[in-house]
Amino acid sequence: MIILKIGGSAITKKNAIKPTIDHENLDRICSELQYTNQQLILIHGAGSYGHIYAKQYEVGSKIETNSKERLMGVAKTQNSAQKLNNIVCEKLQEYQIPAIGIQPSAFIRNKNGKIIKFDYSIIKQYLDDGFVPVLYGDAILDENNDIKSSILSGDQIIKYLGENLRPEKVILGSDVDGIYTKNPNEYDDAELLEVVTKDTILESDSTHDAADVTGGMNGKINELLELAKKGVCSQIINAEKPGNIRNILENKKIKSTIIK
Ligand code: IP8
Numbered sequence: 002m003i004i005l006k007i008g009g010s011a012i013t014k015k016n017a018i019k020p021t022i023d024h025e026n027l028d029r030i031c032s033e034l035q036y037t038n039q040q041l042i043l044i045h046g047a048g049s050y051g052h053i054y055a056k057q058y059e060v061g062s063k064i065e066t067n068s069k070e071r072l073m074g075v076a077k078t079q080n081s082a083q084k085l086n087n088i089v090c091e092k093l094q095e096y097q098i099p100a101i102g103i104q105p106s107a108f109i110r111n112k113n114g115k116i117i118k119f120d121y122s123i124i125k126q127y128l129d130d131g132f133v134p135v136l137y138g139d140a141i142l143d144e145n146n147d148i149k150s151s152i153l154s155g156d157q158i159i160k161y162l163g164e165n166l167r168p169e170k171v172i173l174g175s176d177v178d179g180i181y182t183k184n185p186n187e188y189d190d191a192e193l194l195e196v197v198t199k200d201t202i203l204e205s206d207s208t209h210d211a212a213d214v215t216g217g218m219n220g221k222i223n224e225l226l227e228l229a230k231k232g233v234c235s236q237i238i239n240a241e242k243p244g245n246i247r248n249i250l251e252n253k254k255i256k257s258t259i260i261k
C-alpha cells in the first residue's frame, strides 16, 4: 500500500489571490496515477483553496463568543477545501481511478491543533474494497472551545495514517525536488539533501512560505521526522516534473529526499 500526498502548491496556484487550479499539473498528475495497481491512499493539500481563507479568517485562533464572522471563516475554509477535493476526484475519475473523496472535518477532531480522534476504519474499508480514498487538508473541529476549529494539514493526516496503517511507501509530491540546505527559490547555491534525519541542520528560514498557514516545508519535515521515529520512512519528490510520480510508483530512482 502507498500513501501519496500531492501538495497544494502542485495542483493549485498557491500564491493566487483567489482559489485557482493549476489545470495542467492536476491533469498530468492524475494521468500518472493510473499506472499503479497497488492500494493507494491519496491526500492533497489545500493550496489556494484553503490557505487564503484560513489566513484571512485566522482559523485556529481564539473565537470570541458569537463571532459570526469567524464562524463563517471556518465554514468558508471547509467549503473551499471540499470544492478542491471534488475537482481532484472528478479528474481522477476521468482517468478511471475509483476516487472517493473523504471529508476530514466530518470525522476527525483536533485538540489545540493536534489530532485526538480519527477513526480510519472507513478508509481501510474503501481501500480493501478497491477504491482510492482521497483526503485533504481541512479546517476541522477542535476540542479547545476557545478556538472551536483548527487546521488539519495533509501532512498530519499522512503521519497519522502512516503510523497506523504502516504503508510500504509514503510519498510527498511537492513543487521542489526535496529538501534543500537553503531555499532553492532564492539561493542558487542551495543543495538538495538526499537524506534528512533528526540530526540534519537546516537554515531556519530555508523553507519559509508566506502563503502557507501550516508551516510550508518546515511543517512537513517535522511531521515526517515524527513518522520516521515510529519506523516509517518517507520520500519527498517533485510532483511538478512530468514522469516523477509514475516513476516513483514504478520503483524507479528519481531526485528526491528520503526522511528517515
Ligand atoms: O495544505 C492545510 O492543509 P495543507 C489546510 O496540507 C487548510 O497544509 C484548510 C489551510
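The numbering used here puts the first residue of the sequence shown at 2, with every later residue one more than the last. We put the CB at the ideal spot given by N, CA and C, even for glycine. Since this is a predicted model, take the numbers as computed values, not measurements.
field: Host alpha helix (DSSP H) of Val-135 (start-end)
entry: Where Val-135 is concerned, there is no enclosing alpha helix (DSSP H), although the beta strand (DSSP E) it sits in stretches over 133-137.
message: Going by DSSP, what residue range makes up the beta strand (DSSP E) through Arg-110?
response: First-last of the beta strand (DSSP E) with Arg-110: 109-112.
message: So, under 8 Å CB-CB, Leu-193 and Lys-256 are touching, yes? Tell me the CB distance rounded to an integer number of Å.
response: Correct: roughly 7 Å between the Cβ atoms.
query: DSSP on Leu-72, reduced to helix/strand/coil?
result: In the structure shown, Leu-72 falls within a helical segment according to DSSP collapsed to helix, strand and coil.
message: Within the continuous alpha helix (DSSP H) that includes Asn-248, where are the two ends?
response: Note, Asn-248: alpha helix (DSSP H), 245-250.
query: What residues in its chain sit with their C-beta under 7 Å from that of Lys-231, if we drop five residues either side in the sequence?
result: Counting only Cβ-Cβ distances below 7 Å, and skipping sequence neighbours, we find Glu-164.
query: Quick one: Cα of His-45 to Cα of Asn-86, how far?
result: Whole-angstrom Cα-Cα distance: 8 Å.
task: State the start and end residues of the unbroken alpha helix (DSSP H) segment that holds Gly-51.
output: Bounds of the alpha helix (DSSP H) holding Gly-51 are 48-57.
- request: Take Tyr-50 as the anchor and find which of Ser-32, Leu-41 and Ile-12 has the nearest alpha-carbon.
  value: The alpha carbon of Tyr-50 has as its nearest neighbour, out of Ser-32, Leu-41 and Ile-12, the alpha carbon of Ile-12.
- prompt: Under 9 Å, do Asn-111 and Ile-141 count as touching if we go by C-beta distance?
  reply: Here Asn-111 is near Ile-141, since their CB atoms are less than 9 Å apart.
- prompt: Is the region 115-134 in contact with the region 65-77, if contact means three or more CB pairs nearer than 8 Å?
  reply: Too few Cβ pairs lie closer than 8 Å, so no.
- prompt: To which residues of the same chain is Ile-158 closer than 6 Å at the C-beta, ignoring the five residues directly before and after it?
  reply: Here Ile-158 has Ile-44 and Leu-136 as same chain residues with Cβ atoms under 6 Å from its own Cβ, once five neighbours each way along the sequence are excluded.
- request: Rounded to whole angstroms, what's the CA-CA distance from Ala-107 to Ile-53? Just pull it up for me.
  value: Looking at the two C-alpha atoms, the distance is approximately 21 Å.
message: My output table needs one value for Ser-10: the three-state DSSP class, helix, strand or coil.
response: In this structure, Ser-10 counts as helix in the three-state DSSP scheme.
query: In terms of DSSP beta bridges, what is Asn-239 paired with?
result: Looking at the DSSP assignment, Asn-239 forms a beta bridge with Ser-175.
- request: Apply the 10 Å Cβ neighbour rule to Arg-71 and answer buried if 16 or more other Cβ atoms are within range, or exposed otherwise.
  value: By the 16-neighbour rule on beta-carbons within 10 angstroms, Arg-71 is buried.
- prompt: Thinking C-beta only, is Leu-228 closer than 9 Å to Val-177?
  reply: No, the Cβ-Cβ distance between Val-177 and Leu-228 is not below 9 Å.
message: Assuming Gly-102 is part of the beta strand (DSSP E), what are its boundary residues?
response: Element bounds for Gly-102: 100-102.
- prompt: Leu-43 lies in the beta strand (DSSP E); which residues open and close that run?
  reply: Judged by DSSP secondary structure, Leu-43 falls within the beta strand (DSSP E) whose first and last residues are 41-45.
query: Hey, is the region 22-33 in contact with the region 60-68, meaning 3+ C-beta pairs nearer than 8 Å?
result: No, the region 22-33 does not touch the region 60-68.
Gly-46: CB within 8 Å of a non-hydrogen atom of the ligand ADP: This structure lacks the ligand ADP; the ligands present are the ligand IP8.
field: First through last residue of the beta strand (DSSP E) which encompasses Leu-1
entry: Because the chain in this structure spans residues 2 to 261, residue 1 falls outside the shown range and cannot be described.
- request: Express the C-alpha separation of Val-133 and Ile-98 in angstroms, rounding to a whole number.
  value: Going from the Cα of Ile-98 to the Cα of Val-133 covers about 7 Å.
query: Taking C-alpha atoms, which residue in Tyr-127, Ile-22 and Asn-146 lies nearest to Ser-10?
result: It is Ile-22.
query: Expressed to the nearest angstrom, what Euclidean distance is found between the alpha-carbon atoms of Thr-258 and Glu-241?
result: Straight-line spacing of the CA atoms in Thr-258 and Glu-241 works out to 15 Å.
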